[in-house]
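*Asks:* Residue numbers (the working numbering): 446 to 761. All C-beta atoms in this analysis are idealised placements derived from N, C-alpha and C, irrespective of residue type, glycine included.
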């Protein structure tokens, strides 16, 4: 069943309140702002908040006053947000989405111009969402150890794949999480950010997986913080078949991983960076990716075929 905004209910919050478990809240093209269209919460219902048509036509503007939504009632992958452009969200620690002890699906959205002063565009606390095929652009945050476009702490095991992070004054992905959890970060493209991936050095087992990511032209490529632990420069997390190239500093706090486990340092040859981050013919990212944990299709929905490419876009 479907509740339509604004045909059935005037605001997104009203549609969520009227929807029953398993419903879709379908938002028509338009600009949505003000009370009733921000600070949303499913309250544990299995709902899908979805935009109609292209995400560029369904815009939710938080006006710099709030976050979009909080998931804190153990929602699982059957609940989620897709097909929206979300902009101008901003609350300390949680910019647009706060995920506390939940595992929703966040897919096919555009997140733009969020200011998370000391936090993240999406912040997960014991949160394990499926985050796929989103564009994250122009996020601003500080450089303290929990900040990032996507930032996760404590018992979080997110699956982060096929996302594009471009032009963020933040780390793209921050994993300040312990041993005993199993995050996967695969086939993402990260260009022009403060940093690509921030990995917690306190993890001494190979339970965290980073593969097929294209990390280029950032201030820092891979950042492994040392302030928490005197452990050696050896990175225990699995870091396989990634391209780390042309960052002001490619590897910080860990040994250079180029030439190990399929990791490369080579110009990825984008079609037209930063506006088109698809792979041009002859890109060294073509056909050299790892198969394990790679998504079945790419950012555009194009099926991936073996051998897999590195980054969010499969060459075709």
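1) Looking only at its chain, what residues have a beta carbon closer than 8 Å to the beta carbon of residue 452, apart from the 5 residues adjacent to it on each side?
2) Could you tell me which residues DSSP puts in a beta bridge with residue 635?
3) Shortest alpha-carbon distance to residue 632 belongs to which of 508, 519, 544 and 733?
4) Which of the three DSSP states is assigned to residue 489 in this structure?
5) My output table needs one value for residue 551: the three-state DSSP class, helix, strand or coil.
6) Could you spell out the range, first to last residue, of the beta strand (DSSP E) harbouring residue 617?
7) Could you name each continuous beta strand (DSSP E) segment of 3 residues or more that falls completely within the segment 547–602, going from the start of the chain to the end?
8) Contact check, residue 641 vs residue 667 under 8 Å by CB: the rounded distance?
9) Name the two residues that bound the continuous beta strand (DSSP E) containing residue 755.
10) Could you spell out where the alpha helix (DSSP H) holding residue 478 opens and where it closes?
11) Tell me whether residue 640 sits in a helix, a strand or coil according to DSSP, three-state version.
12) Using only CA atoms, which one of 664, 761 and 460 lies nearest to residue 636?
13) Do residue 639 and residue 698 count as a contact pair if the criterion is CB distance below 8 Å?
14) By a C-beta neighbour count over all protein chains shown, 10 Å radius and 16 as the cutoff for buried, is residue 613 buried or exposed?
15) Could you tell me which of 701, 688 and 656 sits nearest to residue 669, measuring between CA atoms?
16) DSSP beta-bridge partners for residue 690?
17) Go ahead and pull the three-state DSSP assignment for residue 462.
18) Going by other Cβ atoms of all chains shown within 10 Å of its Cβ, with 16 needed for buried, is residue 624 buried or exposed?
19) So, for residue 658: in the same chain, excluding its five sequence neighbours on each side, which residues have a beta-carbon less than 6 Å away from its beta-carbon?
20) Quick one: what's residue 539 bridged to in DSSP?
21) Would you say the segment 613–622 touches the segment 579–588, given that touching needs at least three Cβ pairs under 8 Å?
22) Pop quiz: residue 735 and residue 756 are said to be a contact at Cβ under 8 Å. What is the actual Cβ separation, rounded to whole angstroms?
23) Could you work out which residue in 761, 553 and 481 is closest to residue 730 when comparing CA atoms only?
24) For residue 605, tell me which candidate among 517, 568, 488 and 587 has the shortest Cα-Cα distance.
25) What number of angstroms, rounded off, separates the C-alpha of residue 496 from the C-alpha of residue 593?
26) In angstroms with no decimal places, state the Cα-to-Cα distance between residue 712 and residue 628.
27) Going along the chain, which residues of its own chain have a beta-carbon closer than 6 Å to the beta-carbon of residue 715, five neighbours each way excluded?
28) In chain order, what residues of the same chain lie with their CB nearer than 6 Å to the CB of residue 677, ignoring the 5 residues before and after it?
*Replies:* Checking against the coordinates, here is how it stands:
1) 473
2) 610 and 660
3) 733
4) coil
5) strand
6) 616–621
7) 550–552, 555–557, 565–570, 575–577, 580–582 and 593–598
8) 6 Å
9) Premise fails: residue 755 is in no beta strand (DSSP E) and is neither H nor E.
10) That residue, residue 478, is in no alpha helix (DSSP H); its beta strand (DSSP E) goes 475–478.
11) strand
12) 664
13) no
14) buried
15) 701
16) 661
17) helix
18) exposed
19) 633 and 687
20) 565
21) yes
22) With 8 Å as the limit, residue 735 and residue 756 do not qualify as a contact, their Cβ atoms being about 13 Å apart.
23) 761
24) 568
25) 26 Å
26) 27 Å
27) 722
28) Model confidence at residue 677 stands at a pLDDT of 49, short of 50, so the residue's coordinates are unreliable; what they give is reported in the following sentence. So the list is empty, once near-sequence residues are dropped.
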